[in-house]
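In our numbering, the protein residues as written are 13 to 247.
As structure tokens, the structure follows; a few thoughts come after it.
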């Protein structure tokens, strides 16, 4: 019997989107839930999203917004993102900050004989490097090598779904739960199906959620209005 792995990423404190995704996920009865990082940042409900992810995810790696929330270093961020990081740091408890600090930058898990490498950015630079669908194939081959030639290489960070086959490795990105950037404002997640050491399937799912509510909350808590406006456009 095949095993089903739910993969989420880039929740970005968007509780409305996360709750809708998790409602959809319940119907899957997954064997494993993986989060490719950036639970916090941008959005208005960091604590609630952290609580849910900690409850449901079996594997969580650290994203760049998680990292910045721990360190307070916003030098790599644009103005709006930096404001959101500083706001998030003020909202989270010491214990929540410690949890983010404890997250690994990479993780490798085996599911029914399939080796899965999990990272937010890339195997070369786990926190910051972007790997887009248009990334040159030679670069993707290097990523696979650095990751140790896993059966599956899972990444987040771009907020854009991706699926490529590289030298026998599935290189994939589930897209973003909380701030999609592929022109589709619906929340994204993916289902990986494996069986007896083989990858049987990879499907990105889209789930509509109440964007109005999240955008309104962003304004109500004093975060930059543009962080809500972009949710409508999926950019």
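Here a beta-carbon is modelled for each residue, glycine too, at the ideal position from N, C-alpha and C.
- Assignment of residue 48 by DSSP, reduced to helix, strand and coil, places it in the coil class.
- CA-to-CA, the gap between residue 128 and residue 71 works out to about 11 Å.
- Shown here, residue 68 sits in a helix according to DSSP, grouped into three states.
- Note that the stretch 208-227 does not touch the stretch 145-152; fewer than 3 beta-carbon pairs, one per stretch, sit closer than 8 Å.
- Boundaries of the beta strand (DSSP E) around residue 201: 199-207.
- No Cβ-Cβ contact shorter than 8 Å links residue 235 with residue 93.
- In the three-state scheme derived from DSSP, where H, G and I count as helix and E and B as strand, residue 15 is classed as strand.
- The alpha helix (DSSP H) runs lying completely inside the stretch 107-183 and spanning 4 residues or more are 149-158, given in chain order.
- DSSP places residue 215 in the uninterrupted beta strand (DSSP E) bounded by 210-219.
- When beta bridges are read from the DSSP output, residue 185 appears opposite 174.
- Using a Cβ distance threshold of 8 Å, residue 227 and residue 241 count as a contacting pair.
- Here residue 52 really is in contact with residue 24; their C-beta atoms are around 7 Å apart, less than 8 Å.
- CA-to-CA, the gap between residue 75 and residue 88 works out to about 13 Å.
- Per DSSP, reduced to three states, the secondary structure at residue 230 is helical.
- A distance below 6 Å between beta-carbons, with the five flanking residues on each side excluded, links residue 45 to the following residues of its chain, in chain order: 18, 68, 69, 70.
- Using a Cβ distance threshold of 8 Å, residue 173 and residue 186 count as a contacting pair.
- For the pair of segments examined, the stretch 103-114 was found not to touch the stretch 136-149: the number of CB pairs separated by less than 8 Å stays below three.
- Around the C-beta of residue 192, 16 or more other C-beta atoms lie within 10 Å, and the residue is accordingly described as buried.
- Here the alpha carbons of residue 43 and residue 246 stand approximately 30 Å from one another.
- When secondary structure is reduced to three states using DSSP, residue 95 falls in the helix class.
- Rounded to the nearest angstrom, the Cβ distance from residue 243 to residue 197 is 6 Å, consistent with a contact under 8 Å.
- Excluding the 5 residues flanking it on each side, residue 133 has same chain C-beta neighbours closer than 6 Å at 139, 140, 141, 169, in chain order.
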